[in-house]
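Have a look at the structure below before the remarks.
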Amino acid sequence: MFTAVPSDRLEYFLKEKNITNYVHAMEYEPKQVIDQPVKSTLNSKAGTYLCINLVNGKKYVGSASQGGMYNRYCGHLLGGHGGSQNVKAAVKKYGIENFAFLVLETNENGKIRDEILATEQKYIDLLMPEYNIALFAGSVLNSKWSQDSRDRLVKSETYLKRMENLRLARKNTPVSEETRELLRANALERGPVSDETKLKMSINNNKSVAIQAYLADSDTLYREFLSIAEAAEHFFNDRDKRGPIKYALAKNTKILNKYYLRKS
Numbered sequence: 001m002f003t004a005v006p007s008d009r010l011e012y013f014l015k016e017k018n019i020t021n022y023v024h025a026m027e028y029e030p031k032q033v034i035d036q037p038v039k040s041t042l043n044s045k046a047g048t049y050l051c052i053n054l055v056n057g058k059k060y061v062g063s064a065s066q067g068g069m070y071n072r073y074c075g076h077l078l079g080g081h082g083g084s085q086n087v088k089a090a091v092k093k094y095g096i097e098n099f100a101f102l103v104l105e106t107n108e109n110g111k112i113r114d115e116i117l118a119t120e121q122k123y124i125d126l127l128m129p130e131y132n133i134a135l136f137a138g139s140v141l142n143s144k145w146s147q148d149s150r151d152r153l154v155k156s157e158t159y160l161k162r163m164e165n166l167r168l169a170r171k172n173t174p175v176s177e178e179t180r181e182l183l184r185a186n187a188l189e190r191g192p193v194s195d196e197t198k199l200k201m202s203i204n205n206n207k208s209v210a211i212q213a214y215l216a217d218s219d220t221l222y223r224e225f226l227s228i229a230e231a232a233e234h235f236f237n238d239r240d241k242r243g244p245i246k247y248a249l250a251k252n253t254k255i256l257n258k259y260y261l262r263k264s
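All residue numbers for the sequence shown refer to full-length UniProt numbering, where the first residue is 1 and numbers rise by one.
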């Protein structure tokens, strides 16, 4: 439902993040009882929205052009087409009644993509949403960032803080023996490395090389890493397992059959 006064839980998280001037808020409204005026109101807006888990405060920030806001709501929270897989999994675990959907800010020029993306990026930097895979705005609008924009973000304080938090979280996450065996089996399947490949890998023998990982099926930015060692820790839970990362960079092959790696 659209709420003029947020619930106590939602109000707590909004105050914590100093969000005071949002446009609309919806808390638990099953798809079958959303009436046409609500759909029309959502779809009349172009701008940035927030999905928030009221149990743990984790967030997802996205944007929609005019006519697409209702589809974003359905995709993320009601199991509709598209939407963040992280949010969908969380809704399945915690229940839709523990989520809120907010329209944070609207853009008057609803069809001008650059303005919408700039607003979305502002809130990504402000809220550092945990459910977002990448720190770049615009994936839902099929836009691509320039290399200059990516370089600026990689050097920003927000990005460095986020990467450090992710590194610490991964470091403190235990890895099961089953997962270790699976990773070991995957490594063995790749077979021995040729002398030619070893030579190419040695050229890239630099722990501080910044890397970008892209989804192979869509060429969408998945994640950024500050070093080869950090990428190895993410994909293999072992910072010393840098060989497969260097090989993928040198040969432009997929890693884990899902990602392409490129130097930033």
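No residue lacks a Cβ here, since even glycine has one placed at the ideal position from N, Cα and C.
Since this is a predicted model, take the numbers as computed values, not measurements.
Q: May I ask which residues mark the beginning and end of the beta strand (DSSP E) holding T48?
A: Here the beta strand (DSSP E) through T48 covers 47–53.
Q: Tell me the start and end of each unbroken alpha helix (DSSP H) in the UniProt domain "GIY-YIG" (44–133) that is at least 4 residues and wholly inside, in chain order.
A: 69–77, 85–94, 113–127
(Q) Here's the rule I'm using: 16 or more other beta-carbon atoms within 10 Å means buried, otherwise exposed. How should T119 be labelled? (A) buried
Q: Check each candidate in S227, A250, L249 and name the one with the smallest Cα separation from R239.
A: Cα-wise, what sits closest to R239 is S227.
**Q.** Coarse secondary structure for F2, derived from DSSP in three states
**A.** Since pLDDT at F2 reaches only 47, below the 50 mark, its modelled position is unreliable, and the value read off the structure follows with that caveat. F2 falls in the strand class under three-state DSSP.
Q | Host alpha helix (DSSP H) of Y12 (start-end) | A | 8–16
Q | Nearest-angstrom Cα separation, counted from A64 out to N107 | A | Each residue's Cα considered, the two are about 10 Å apart.
Q) Is Y49 near L104, with beta carbons less than 9 Å apart? A) yes
**Q.** Alpha carbon of Q32 to alpha carbon of Y214, nearest angstrom
**A.** Confidence is the limiting factor: at Q32 the pLDDT is only 49, short of 50, which leaves the residue's position unreliable and the question unanswerable from this model.
(Q) Whole angstroms are fine: how far does the CA of C74 sit from the CA of G80? (A) Separation of G80 and C74 (C-alpha to C-alpha, rounded to the nearest whole angstrom) is 5 Å.
(Q) Cutting at 8 Å between CB atoms, please list the residues of its own chain near L126, excluding the five before and the five after it. (A) K17
Q) Can you give the beta carbon distance from K263 to L249, rounded, assuming they're within the 8 Å contact cut? A) 7 Å
Q. Contact check, L10 vs E27 under 8 Å by CB: the rounded distance?
A. 6 Å
Q | For H234 and T90, the rounded distance between their alpha carbons | A | Inspection of the sequence shows that residue 90 is occupied by Ala rather than by Thr. Spanning the two alpha carbons is a distance of roughly 21 Å.
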